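Trainee: Numbering (my numbering), first residue to last: 132 to 306.
Structure incoming, see below.
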């Protein structure tokens, strides 16, 4: 599956088609083009629930310049806010906004998107969903609807001990 090309959303579920329309109509990925943007998280792997946000992962060699750029490009959107902070010991820029009721999070680090944990978690989860099937997917969605975050839901269903975020990456390495 090539998650870097949004074309898969056009032929996906009704919700995925709506996400494709939204991202295209508002030219979100075009505005982030210089930062290798990739939609990650629950929408690409079709486990989003009400309130799920659209996570867009980016690579920015100069995080201060990225922050200035997105502040200029996205500040007019509802509930826009941005900040720089350390996440997992890595300097990160995070911005949040909302378009047509969909919360969107822009996330950037100075490393390739494919090496960022959010992207890696999505790939692991996608493979698990393929291996485990529809019933497992419904159980993940049920846990999410009950308020559990995605990685903890997967870890619970797979009986993975410890930190669910690290456990999923370790799980990937054992497969």
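Backbone N, C-alpha and C define an ideal beta-carbon position, used for all residues, glycine too.
A quick note: this is a predicted structure, and the numbers were derived from the prediction, not measured.
Mind checking which residues open and close the alpha helix (DSSP H) that includes residue 284?
Mentor: Counting from 1 along the chain shown, the entry for residue 284 is found at position 153. Note, residue 284: alpha helix (DSSP H), 281-289.
Trainee: Please classify residue 221: does DSSP put it in a helix, a strand, or coil?
Mentor: Taking the first residue of the chain shown as position 1, residue 221 is located at position 90. DSSP places residue 221 in the strand class (E or B) of the three-state scheme.
Trainee: With distances taken between CB atoms, is the gap from residue 210 to residue 228 smaller than 8 Å?
Mentor: In the chain shown, the residue the question calls residue 210 occupies position 79. In the chain shown, the residue the question calls residue 228 occupies position 97. Yes.
Trainee: CB residue 259 to CB residue 157, shorter than 8 Å?
Mentor: In the chain shown, residue 259 corresponds to position 128, counting from 1. In the chain shown, residue 157 corresponds to position 26, counting from 1. Not closer than 8 Å, so no.
Trainee: Whether or not the region 267-275 and the region 243-253 are in contact is what I'm after, with contact meaning three or more pairs of Cβ atoms, one per stretch, closer than 8 Å; do they touch?
Mentor: no
Trainee: To which residues of the same chain is residue 182 closer than 7 Å at the C-beta, ignoring the five residues directly before and after it?
Mentor: Sequence index remark: in the chain shown, residue 182 carries index 51 (1-based). Excluding sequence positions up to five before and after residue 182, its CB lies less than 7 Å from no other CB in the same chain.
Trainee: Once you ignore the five residues that flank residue 287 on each side, which residues in its own chain have a CB closer than 8 Å to its CB?
Mentor: As a working mapping, residue 287 is identified with position 156 in the chain shown. The residues 274, 279 and 295, in chain order, have a CB closer than 8 Å to that of residue 287 in the same chain once the five nearest residues on each side in sequence are set aside.
Trainee: Select from 148, 137, 254 and 284 the residue whose C-alpha is nearest the C-alpha of residue 303.
Mentor: To locate residue 303, count along the chain shown from 1; it is residue 172. Of the listed residues, the one whose Cα sits closest to residue 303 is 254.
Trainee: According to DSSP, is residue 236 helix, strand or coil?
Mentor: Sequence index remark: in the chain shown, residue 236 carries index 105 (1-based). DSSP places residue 236 within a strand segment (E or B) once states are collapsed to three.
Trainee: My guess is that residue 239 and residue 190 are in contact by the Cβ rule of under 8 Å, so how many angstroms apart are they, rounded?
Mentor: Within the chain shown, residue 239 is the residue found at index 108, counting from 1. Within the chain shown, residue 190 is the residue found at index 59, counting from 1. Contact flag correct, Cβ pair sits at about 7 Å.
Trainee: I believe residue 162 touches residue 241 by the beta-carbon criterion, under 8 Å. Please report the beta-carbon distance rounded to the nearest angstrom.
Mentor: Position 31 of the chain shown, counting from 1, holds the residue named residue 162. Position 110 of the chain shown, counting from 1, holds the residue named residue 241. 19 Å between Cβ atoms; not a contact.
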